[in-house]
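Asks: The structure under discussion is supplied below as structure tokens; questions concerning it will follow.
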Amino acid sequence: MNPVKRKQYILSQLSLKGEISVQDLADELNVTSETIRRDLSILEKEGEIIKIHGGAMKKKSVSEGSFEQRLELNRDEKMILARYAAGLISEHDTLYIDSCSTTLLFSGLLPVVAFTVFTNSALIADKIASQNALAKVYVLGGEYSHEFRANLGAKTLNEIDHLYADFAFVGAGGISGDGILVKSVEEGMIAQKMLEKSKQKIILADSSKFGQQGILKIAEIAGIDKIICDDKWQKVHEFRDIYPEKVVIVT
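Residues in the sequence shown are numbered consecutively from 1, following the UniProt record's numbering.
Below, the structure is given as structure tokens:
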């Protein structure tokens, strides 16, 4: 079986099973484990799969997993872009930070200076307050969602409607030609409102999100000031070629 057909087979099996081992693929395709590992590395670079220890997992099954799973997914890449984003903050800035795995990492890297944060995440609020006595941290009210570790709903939206900020830092479930997308309507409405009420609109997204779709568009790419990402997957370079003034690739 040639490499193209092998990759098609791997993707079809992941679509059916969610994840599969290197050894199972090698046995089924009658090739060596090294051949399968090379195929998986290529598919990961193309943004088609997520490599895990001893095998691979389809992207959807991870990106829509638990909060803890999302926090660990592409953690190194998220830390790189989060550290860069944290460097944008100066004394007396006012920030919106939504609730997602990347913004949680970002919140732990903020400088120890006086600034103000509005967030719907108690985890993020506690992370900042425990590290920085100079920061003023406000937790937006609303109905608590254990799934998203955040306050959501009409009350949260109403509070955001009356508060303005210098920056909004929000995550994304997908970035495509259609815009900035998320996979949850409830979370997306919060992120959308935070962006509306901020001067600088910043998207924090690891490169696996590029080319992915979602169910709610929270912004047009033209309406975003910066999309901060890593360079692990090739699609980010394609987007930067189209939007050179928007896409910031951090290495």
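Idealized CB from N, CA, C, for every residue including glycine.
Hey, could you find the ends of the alpha helix (DSSP H) Glu19 is sitting in?
Replies: It is not in any alpha helix (DSSP H) - Glu19 instead sits in the beta strand (DSSP E) that spans Glu19 to Ser21.
Asks: Taking buried to mean at least 16 other C-beta atoms within 10 Å of its own C-beta, is Met189 buried or exposed?
Replies: With 16 or more other Cβ atoms within 10 Å, it is buried.
Asks: In chain order, which continuous runs of the beta strand (DSSP E) of length 3 or greater are located wholly inside the region 141-229?
Replies: Qualifying beta strand (DSSP E) stretches, in chain order: 143-145, 150-152, 165-171, 174-176, 179-182, 198-204, 216-219 and 226-229.
Asks: Please report the straight-line C-alpha distance between Ser61 and Ala150, rounded to a whole angstrom.
Replies: Reliability of the predicted coordinates at Ser61 is poor, the pLDDT of 44 falling under 50, and the value obtained from them is presented with this limitation in mind. So the two alpha carbons sit approximately 21 Å from each other.
Asks: Is there contact here, the region 48-60 with the region 83-100, by at least three beta-carbon pairs under 8 Å?
Replies: Verdict: no, contact absent.
Asks: Using 8 Å as the threshold, is the region 36-44 in touch with the region 8-19, meaning 3 or more CB pairs across them?
Replies: Yes: at least three Cβ pairs fall under 8 Å.
Asks: With DSSP as the reference, identify every bridge partner of Tyr96, one or two as the case may be.
Replies: Per DSSP, Phe118 and Ala168.
Asks: Would Gly171 and Leu204 qualify as a contact pair, given that the criterion is a beta-carbon distance under 7 Å?
Replies: Their beta carbons are under 7 Å apart, which means Gly171 touches Leu204 by this criterion.
Asks: Which same chain residues, not among the five before or five after Tyr124, have their C-beta less than 7 Å away from its C-beta?
Replies: The question names Tyr, but residue 124 is Ile in the sequence shown. If we look at Ile124 and ignore the five residues flanking it on each side, its Cβ neighbours are Ile97, Ser99, Thr103, Leu104 and Ser107.
Asks: What's the gap between the Cα of Phe118 and the Cα of Lys17?
Replies: Rounded to whole angstroms, Phe118 to Lys17 spans 41 Å at the Cα level.
Asks: What three-state label does DSSP hand Ile249 in the structure shown?
Replies: Three-state result, Ile249: strand.
Asks: Among the residues of its own chain, which have a CB less than 6 Å from the CB of residue 254, if the five just before and after it don't count?
Replies: Since the first and last residues shown for the chain are 1 and 251, residue 254 lies out of range.
Asks: Measure from the alpha carbon of Asn112 to the alpha carbon of each residue in Asn132, Ala191 and Lys232, then state which is nearest.
Replies: Contrary to the premise, residue 112 reads as Val rather than Asn in this sequence. Ranking Asn132, Ala191 and Lys232 by Cα distance to Val112 puts Asn132 first.
Asks: Just to confirm, is the Cβ distance from Ile175 to Phe210 under 7 Å?
Replies: Result yes, Cβ atoms of Ile175 and Phe210 sit closer than 7 Å.
Asks: Within this structure, are the beta carbons of Asp226 and Val248 separated by less than 7 Å?
Replies: Checking the sequence, you will find Lys at residue 226 rather than Asp. Yes, these two residues count as a Cβ contact at 7 Å.
Asks: DSSP beta-bridge partners for Ile49?
Replies: Per DSSP, Lys58.
Asks: Report the rounded CA-to-CA distance for His146 versus Leu152, giving the unit in angstroms.
Replies: Each residue's alpha carbon lies about 10 Å from the other.
Asks: Along the alpha helix (DSSP H) that carries Lys78, what are the first and last residues, could you check?
Replies: Looking at the DSSP string, the run of the alpha helix (DSSP H) that includes Lys78 is Arg75 to Ala86.
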